[in-house]
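These notes concern the structure reproduced below.
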Amino acid sequence: MAVMSRMRFAILMSLALLFALGGALMVVEGREGGWPVLLFFLSSAVVFTVVRYPRKLTSEPSVSIVAAYPEPVTLVGQRGRNLLIAGVSAVLALIPSSFSPAYALPGGVISHLAFSMVFGVPALVLAAVAIRPNRLTLDSEGMKFTTLLSTKQWSWRDVQDFTPVSSITRAGRIIPVRQIIGFTDRNADEPGRSAPQSGKNSMFANQFAVSDEELASALNFWRRRGVAD
Numbered sequence: 000m001a002v003m004s005r006m007r008f009a010i011l012m013s014l015a016l017l018f019a020l021g022g023a024l025m026v027v028e029g030r031e032g033g034w035p036v037l038l039f040f041l042s043s044a045v046v047f048t049v050v051r052y053p054r055k056l057t058s059e060p061s062v063s064i065v066a067a068y069p070e071p072v073t074l075v076g077q078r079g080r081n082l083l084i085a086g087v088s089a090v091l092a093l094i095p096s097s098f099s100p101a102y103a104l105p106g107g108v109i110s111h112l113a114f115s116m117v118f119g120v121p122a123l124v125l126a127a128v129a130i131r132p133n134r135l136t137l138d139s140e141g142m143k144f145t146t147l148l149s150t151k152q153w154s155w156r157d158v159q160d161f162t163p164v165s166s167i168t169r170a171g172r173i174i175p176v177r178q179i180i181g182f183t184d185r186n187a188d189e190p191g192r193s194a195p196q197s198g199k200n201s202m203f204a205n206q207f208a209v210s211d212e213e214l215a216s217a218l219n220f221w222r223r224r225g226v227a228d
């Protein structure tokens, strides 16, 4: 997940809250369109906050992961954040329908379609991911990463050097990120356009209730034990 800088967060939050205040004043004055404006910018503020300040994690889950070896362990992705953003996106997608015909957004049907595509589709995807979150399964032979649409499996002998990824390259730009684990997969092709700066050729999203550092450490432990056994 890309990291939002403190300055960008401050600017976006200030604008969102300013326009939300304008929407609230419109509601108080009984003016048409006040509620959509208020909901839009309050929802935007919620998204900015969730992106800028992810849930703080502790080391207890990683201790349990290490102690469980060699019994299989399945880590399940967190549902709350996806459900929250899905709800916010759904609210944003419904905003055009809240205007009366006299104050409808320019473009009519086109505006409805645009909002539905930009916010409605992500809402459905995030809701589906929350219902069936990502899963990371570890056993003595290797690990399996399951998403909504795919499953990938690795043997411990084919992977090594798990590490948190702090930045990636995309279209020639270096982008700060978090909640991503990079590793070396000897069977993988060359890194794609979102290659980790760490030099690893594979990576996956860490949506589990454990920090990047703790998860990488636990995976390296499982890999060492799996190869040794």
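Using numbering that gives the first Met the number 0, read the sequence shown as starting at 0 and increasing by one per residue.
No residue lacks a Cβ here, since even glycine has one placed at the ideal position from N, Cα and C.
Counting the other Cβ atoms within 10 Å of the Cβ of D211 gives 16 or more, which makes it buried. In the three-state reduction of the DSSP assignment, S201 falls in the strand class, which pools E and B.
By the CB criterion at 8 Å, R222 and V164 fall outside the cutoff. Per DSSP, W34 lies in no beta strand (DSSP E) segment; the continuous alpha helix (DSSP H) that holds it begins and ends at 33 to 51. In the structure shown, F220 falls within a helical segment according to DSSP collapsed to helix, strand and coil. In this structure L125 is buried. Its beta-carbon is surrounded by 16 or more other beta-carbon atoms within 10 angstroms. A straight line joining the alpha-carbon of A23 with that of S13 spans about 15 Å. In the three-state DSSP reduction, P163 falls in the strand class (E or B).
Contact check for W155 against G225 passes: the beta carbons are separated by less than 8 Å.
Assignment of P175 by DSSP, reduced to helix, strand and coil, places it in the strand class. Around the beta carbon of K199, 16 or more other beta carbons sit within 10 angstroms, so the residue counts as buried. L137 carries a strand assignment under DSSP once its states are collapsed to helix, strand and coil. Per the Cβ contact rule, the segment 126 to 137 is in contact with the segment 71 to 80 (3 or more Cβ pairs under 8 Å). According to the DSSP assignment, S154 belongs to the beta strand (DSSP E) that extends over 150 to 154.
Each residue's CA atom was taken as its position, placing V50 and D184 some 29 Å apart.
Between L214 and I180, the C-beta spacing is below 8 Å. Scanning its chain for C-beta atoms nearer than 6 Å, with the 5 sequence neighbours on each side dropped, one finds around S201 the residues F182, D184, A187, in chain order. Residue pairing from DSSP places L74 in a beta bridge opposite L135.
The shortest C-alpha to C-alpha distance from A217 to any of V209, E31, G32, V65 is the one to V65. For the pair A9 and F40, the CB atoms are not nearer than the 8 Å cut-off. Here T162 is buried, its C-beta having at least 16 other C-beta atoms within 10 Å. A direct Cα-Cα distance of roughly 21 Å separates I167 from V209.
Remark: C-beta atoms of M142 and T136 approach each other more closely than 8 Å. In the three-state scheme derived from DSSP, where H, G and I count as helix and E and B as strand, G181 is classed as strand.
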